[in-house]
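Participant: First the structure, which I've put down as structure tokens, then a few questions once you've had a look.
There are 4 protein chains.
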Amino acid sequence: MDELLEQILKECHHYTKEGKLANYIPELAKANPDDFGIYIISSDGRSSRAGDCDKKFTIQSIVKPILLLQALMDNGTEVVRQHVGVEATGKPFDAINASDQTLLSDHLNPMVNMGAIAMCTLIHGETYEEKFQRLLELTRKLAGNPEICLDEAVYLSEKRTGSKNRALAYLLKTYGMIGDEVEDVLDCYFRACSIRVSCADLARIGYTLANHGKLPFTNESVFPVEFARYVNAILMTCGMYDGSGEFAIKVGVPAKSGVGGGIMAVVPTRMGIGIYSPALNAKGNSVAGIKALENLSQKLYLSIF
Amino acid sequence: MDELLEQILKECHHYTKEGKLANYIPELAKANPDDFGIYIISSDGRSSRAGDCDKKFTIQSIVKPILLLQALMDNGTEVVRQHVGVEATGKPFDAINASDQTLLSDHLNPMVNMGAIAMCTLIHGETYEEKFQRLLELTRKLAGNPEICLDEAVYLSEKRTGSKNRALAYLLKTYGMIGDEVEDVLDCYFRACSIRVSCADLARIGYTLANHGKLPFTNESVFPVEFARYVNAILMTCGMYDGSGEFAIKVGVPAKSGVGGGIMAVVPTRMGIGIYSPALNAKGNSVAGIKALENLSQKLYLSIF
Amino acid sequence: MDELLEQILKECHHYTKEGKLANYIPELAKANPDDFGIYIISSDGRSSRAGDCDKKFTIQSIVKPILLLQALMDNGTEVVRQHVGVEATGKPFDAINASDQTLLSDHLNPMVNMGAIAMCTLIHGETYEEKFQRLLELTRKLAGNPEICLDEAVYLSEKRTGSKNRALAYLLKTYGMIGDEVEDVLDCYFRACSIRVSCADLARIGYTLANHGKLPFTNESVFPVEFARYVNAILMTCGMYDGSGEFAIKVGVPAKSGVGGGIMAVVPTRMGIGIYSPALNAKGNSVAGIKALENLSQKLYLSIF
Amino acid sequence: MDELLEQILKECHHYTKEGKLANYIPELAKANPDDFGIYIISSDGRSSRAGDCDKKFTIQSIVKPILLLQALMDNGTEVVRQHVGVEATGKPFDAINASDQTLLSDHLNPMVNMGAIAMCTLIHGETYEEKFQRLLELTRKLAGNPEICLDEAVYLSEKRTGSKNRALAYLLKTYGMIGDEVEDVLDCYFRACSIRVSCADLARIGYTLANHGKLPFTNESVFPVEFARYVNAILMTCGMYDGSGEFAIKVGVPAKSGVGGGIMAVVPTRMGIGIYSPALNAKGNSVAGIKALENLSQKLYLSIF
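As they're listed, the protein sequences go chains A, B, C and D. Just so we're aligned, residue 1 is where the first sequence starts under this note's numbering, counting upward by one. Just so we're aligned, residue 1001 is where the second sequence starts under this note's numbering, counting upward by one. Just so we're aligned, residue 2001 is where the third sequence starts under this note's numbering, counting upward by one. Just so we're aligned, residue 3001 is where the fourth sequence starts under this note's numbering, counting upward by one.
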């Protein structure tokens, strides 16, 4: 299997040249566009790896399914569903999603920024500092890695420059979907996006989603199967931004990408996959990462369709 | 299994009172809102049934995946993908989907009317009469039912009143996505929507999609697995109109509904399901039909997530 | 005054090279982009002219204020206002103006295609042929020119290729704003747009609007001052497509342009102006025509602000 | 004339019962919906009045033309035009006006909030405190009233609750249209909206716009005629929010309304009019105020069309 992964990285490496580093904050533009790594955990207990699979990068939007999990664990599906809709918006990740109509919770989606910001308010905790700590703990637990921590430079950079996210949050406030101070909520969101992970971390988190909420190796149950299905279903319909339809056809598994260059893929009952390659296409997805998953899906018949 | 289906129909029957018959054409409003039937074909070769599963109704939007299949069989994935996009539009089935911007093929989706109309032009055939005949033959073959035919009254009613579809088709023409005469293309589309089927027919078509393109019982291959994946993936992200996200969470299988009251569900490798209950919710999906599928999915662990 | 006009044409002539001929129908692309003419009728009874002011061209959108006048004369302001709104749409002339919301009469504007098509249904007459004849008669009367007639080649060309207008008309039909057959209504609209006029004709029509509904020279009253105000107000807010705001600042008088290259300007109580120069800017307005009006407005203090 | 005004107030007073007080900030809801006043300054040097014409209220959106004037006086038309467009948006006053497309200066309008916020950045001054002071001084000068000052309670209320305006400002920042700190710019904008005026003040400001930039009585020129035309033209096309088209037909003069209940009308070369009646229609315009202007326009032939 390690050989297969090596071969796939080799075959897909030239795609790293077709993308561009995210440059909306200076920190992200410092990544090495040549980096490419993959890590897989299978249900037979094996883990396989190739390339730069221990490199650290910020989780960015891949924190959205974890935010959703934490919101579900703290409130149950009913409450979460009431506050954040589940339909595809047909729009990019940072969509305003409001054409001068009353904004309703049904217009939000947990995988686009506005919905993710709204989910921060649903996490339990006295303060937004505490909410974030609980999210960080969940991330560490799912990844089996207590050393996961914040990338301070990215966090500060996001916080300083996040005008679009501020606009989105003030719209939520306008329509009564944020009760607390906008800056507090955003601080939690910016921290969440700035958590540093590796392919190995993503593979373990993805595996838990594939394994009905049970951690790899120990099989300890962290959340009920119902939440895994909720998250996986949304990843399938909306996990790859406005490239989700194409991805469903070509790869056929739930997945989430982040502008930090990561992709977490969930092969229900079979695998968790973590990929890192920071050169992105126009939709904000890792170019080589998607190609590697297409290749892998064909070779191992991963599509759930 | 027949008992289980009987029980589910019983439990869900009161939901038929929560919906309304489609009334945009007089013919559809003549249905009996009380009708409720289900038919399942399983990979072990068994078929199960309950309720009004032999009632005939018009296929309406459930013809869209068949249209897509025929387009794929005639042109391959590359050409189809070039003419009709695959991303969720975040809009209702008859969306204009054009806010005074240049309309691109990427804005179309095979499961919304505009994309489906565009697909009619991709089917091979000298005339639109011939194109329709080929589509009808494919429907018959997939359903294993040579007696499937057109509901003339519905067809004429649609043809007479289809202003919205005419508007959509002329927009396609405006942007060069229809080369032929709009009325010819629409005639084919209106006929396609007016094909009469039963739950049993839908179950068999769904089974073939679940079974990698091979017919039930004979295992004769009608189309390659690649096309089944293409269709199923789009059904998962967009098959239930703007209720697709909710359906993915609660049922978790590819499916397509039609305003005639039918739903075809595809449980990959396991089942094809046909349901009929013509009382619809605001999004155009059969209310009791969805409830029955939720119920069934929980009892038989159908979700692919 | 003739000298002033000659001088203005000379100063602005190089702007004819900055625009492009309308090419959406082949007939319009046959115009000579070099043509440039102007004709003015003043309240002192004088008429002045320069350049190609007797050249014939199709009236195109400049028929919209005449359509509105006829609708007002046949129905009064109340009824017209009920069927076609008066607010600026903020959109181009052929805007779809419908983002999947129920289309209301308030969303229409008499100066954009959809509103103009709706107005055709308001004109009195047994048939659409008769409605058109009445519109043609009004045009001839306002222009004092009984020889005004249809450009058959343009009419047939529009009729053959008008997919966008068909899409707009079918949308109107969808929302119950057209009761009659779409093709009949469109035939009237396409004929209306294909009426052939000269700068002199436009100047006289504009003068009547400037003169409270009374014809030049004879002072015969064709319509009440109230209708003149209705039309002029809409010309001011929406007459120059999505360039109306700029035009209001720089020229400051009600005006209407057409893609045939004409502009009719109304200087209340003072003048009617007709201009012809078929090279258009991106918004569909005559480039040199606008420049000539800016120039003229500054020299003669025409702005009503 | 005073008698005429008394009569008009009497005739229109019952319309005050058809509107509602603005309630988006508690302070505005404290107004007396029964208040109704009018003040006119004519070019013959007379001033006329009736009703509650000395009542103070906050200027709200009527500060937008003053903001535009200050921006023009500080930068000239070229620079202002480059930063803030002039076309009608076809949308309400607080429109987001951005459907996930790159926001361009041409999408802004000085009479809607986003454009007005952008104009704050164009006013000269070291600090936003200084910019506001200069705007306040201009307001005092135009109104001939050095005692005009801020309504602190309204200002603080707006500042505390202005989520929608914050969303708009952060969008401007996202697209590079605000360079400075958003909160500084908004503070200036919230102050500007909270300036307290009376009908008499508005009449004098309107008169200066009607009088080519020259103050009433003294005829001192405060700004060139070119700026008056720029402002008046925009008031005509966009001054009454998405009711501007209707107002142009029925009243026919440039005007600006504010949710505080004021209307300032400009009758070029003839009059400045100030009205106060805080009960608003659904579009945010004073119901009785508009009726009074319709009435007055008919009686005094005010329409410029």
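Note that the Cβ used here is the ideal one computed from N, Cα and C, for glycine as well.
Please report the distance separating the alpha-carbon of C1329 (chain B) from that of C1012 (chain B).
Facilitator: Since the first and last residues shown for chain B are 1001 and 1305, residue 1329 (chain B) lies out of range.
Participant: Which residue's Cα is closest to the Cα of V154 (chain A): A:K10, A:T121, A:S43 and A:G260?
Facilitator: V154 (chain A) has its Cα closest to that of A:G260, out of A:K10, A:T121, A:S43 and A:G260.
Participant: Does the region 1147 to 1163 of chain B come into contact with the region 1071 to 1083 of chain B, if we say contact requires no fewer than three beta-carbon pairs (one atom in each stretch) closer than 8 Å?
Facilitator: Too few Cβ pairs lie closer than 8 Å, so no.
Participant: Please confirm if L171 (chain A) has its CB atom under 8 Å from at least one CB of chain D.
Facilitator: Taking Cβ atoms only, chain D reaches closer than 8 Å to L171 (chain A), which makes this a yes.
Participant: On the criterion of 16 or more Cβ atoms from any shown chain inside 10 Å, does H3014 (chain D) qualify as buried, or is it exposed?
Facilitator: Result: exposed.
Participant: Spell out whether any CB of chain D is found under 8 Å from the CB atom of S163 (chain A).
Facilitator: Output row for S163 (chain A): interface = yes.
Participant: Just verifying my parser: in three-state terms, what is the DSSP assignment at G3284 (chain D)?
Facilitator: The answer is coil: DSSP assigns G3284 (chain D) none of H, G, I, E or B.
Participant: Taking the beta carbon of N2032 (chain C) as the centre, do at least 16 other beta carbons fall within 10 Å, making it buried, or is it exposed?
Facilitator: Exposed.
Participant: For F1057 (chain B), which beta-bridge partners are listed by DSSP?
Facilitator: B:V1197.
Participant: For the alpha helix (DSSP H) containing V2222 (chain C), name the first residue and the last one.
Facilitator: Taken as a continuous stretch (DSSP letters only), V2222 (chain C) belongs to no alpha helix (DSSP H), as it is neither H nor E.
Participant: Which of the residues in the region 2020 to 2052 of chain C, read from start to end, lie with their CB under 7 Å from any CB of chain B?
Facilitator: Per Cβ criterion, the list is empty.
Participant: DSSP on I275 (chain A), reduced to helix/strand/coil?
Facilitator: Here I275 (chain A) sits in strand by DSSP.
Participant: What's the gap between the Cα of K3159 (chain D) and the Cα of H3124 (chain D)?
Facilitator: Between K3159 (chain D) and H3124 (chain D), the C-alpha separation is close to 22 Å.
Participant: Taking Cβ positions only, does R2160 (chain C) come closer than 8 Å to chain D?
Facilitator: Not one chain D Cβ lies under 8 Å of R2160 (chain C).
Participant: Counting only C-beta atoms, is S2061 (chain C) closer than 8 Å to chain D at any point?
Facilitator: For S2061 (chain C), the answer is no, since every Cβ of chain D falls outside 8 Å of its Cβ.
Participant: With respect to the alpha helix (DSSP H) encompassing R2160 (chain C), which residues constitute its N-terminal and C-terminal limits?
Facilitator: Looking at the DSSP string, the run of the alpha helix (DSSP H) that includes R2160 (chain C) is E2152 to T2161.
Participant: Do you know offhand how far I234 (chain A)'s Cα is from L2103 (chain C)'s?
Facilitator: The straight-line gap from Cα to Cα measures roughly 32 Å.
Participant: Hey, V3231 (chain D) and A3143 (chain D): beta-carbon distance below 8 Å or not?
Facilitator: Against a cut-off of 8 Å, the Cβ pair of A3143 (chain D) and V3231 (chain D) comes out as no contact.
Participant: How far does the beta strand (DSSP E) with I2263 (chain C) in it reach, from first residue to last?
Facilitator: G2262 to V2267 is the span of the beta strand (DSSP E), which, as asked, contains I2263 (chain C).
Participant: With a threshold of 8 Å between beta carbons, is R1196 (chain B) in contact with chain C?
Facilitator: Output row for R1196 (chain B): interface = no.
Participant: By the criterion of Cβ-Cβ separation under 8 Å, what are the contact partners of R2229 (chain C) in chain D?
Facilitator: Simply I3249, G3252, S3303 and F3305.
Participant: In chain D, what lies closer than 8 Å to S2244 (chain C) by C-beta?
Facilitator: By Cβ distance, chain D contributes E3087, A3088 and T3237.
Participant: Which residues of chain A have a Cβ atom closer than 9 Å to the Cβ of A3282 (chain D), listed in chain order?
Facilitator: What A3282 (chain D) touches in chain A: nothing, since even the nearest Cβ is about 14 Å away.
Participant: Just the chain D side, please: which residues come within less than 7 Å of A167 (chain A) by C-beta, in chain order?
Facilitator: Under the 7 Å cutoff, chain D gives A3167, Y3170, L3171 and T3174.
Participant: Of all the options B:Y1175, B:I1178, B:N1281 and B:A1265, which has the alpha carbon lying nearest to the alpha carbon of G968 (chain B)?
Facilitator: Since the first residue shown for chain B is 1001 and the last is 1305, residue 968 (chain B) is missing from the structure and cannot be characterised.
Participant: Give the interface partners of N1232 (chain B) over in chain A, defined as CB-CB distance under 7 Å, in chain order.
Facilitator: The contacting residues are F305.
Participant: Can you name the start and end residues of the beta strand (DSSP E) that S2257 (chain C) belongs to?
Facilitator: Counting along the chain, the beta strand (DSSP E) containing S2257 (chain C) begins and ends at A2255 to S2257.
Participant: Identify the residues that DSSP records as bridge partners of R1049 (chain B): which are they?
Facilitator: Beta-bridge pairing links R1049 (chain B) to B:Y1039.
Participant: Give the residues of chain D in contact with P2268 (chain C), contact being defined as C-beta atoms less than 7 Å apart.
Facilitator: In chain order: I3304 and F3305.
Participant: Assuming T3237 (chain D) and A2050 (chain C) are in contact, meaning their beta carbons sit under 8 Å apart, how far apart are those beta carbons, in whole angstroms?
Facilitator: Not confirmed; about 30 Å, so no contact.
Participant: Determine the extent of the alpha helix (DSSP H) in which N2145 (chain C) is found, giving its start and end residues.
Facilitator: It is not in any alpha helix (DSSP H) - N2145 (chain C) carries neither H nor E in the DSSP assignment.
Participant: For K30 (chain A), which beta-bridge partners are listed by DSSP?
Facilitator: None, per the DSSP bridge assignment.
Participant: To the nearest angstrom, how far is it from the Cα of T161 (chain A) to the Cα of C1053 (chain B)?
Facilitator: Computed Cα separation, rounded: 59 Å.
Participant: Determine, using beta carbons only, whether L69 (chain A) and F190 (chain A) come nearer to each other than 8 Å.
Facilitator: Cβ atoms of L69 (chain A) and F190 (chain A): not closer than 8 Å.
Participant: Could you pull the start and end residues of the alpha helix (DSSP H) that R3081 (chain D) belongs to?
Facilitator: V3063 to H3083 is the span of the alpha helix (DSSP H), which, as asked, contains R3081 (chain D).
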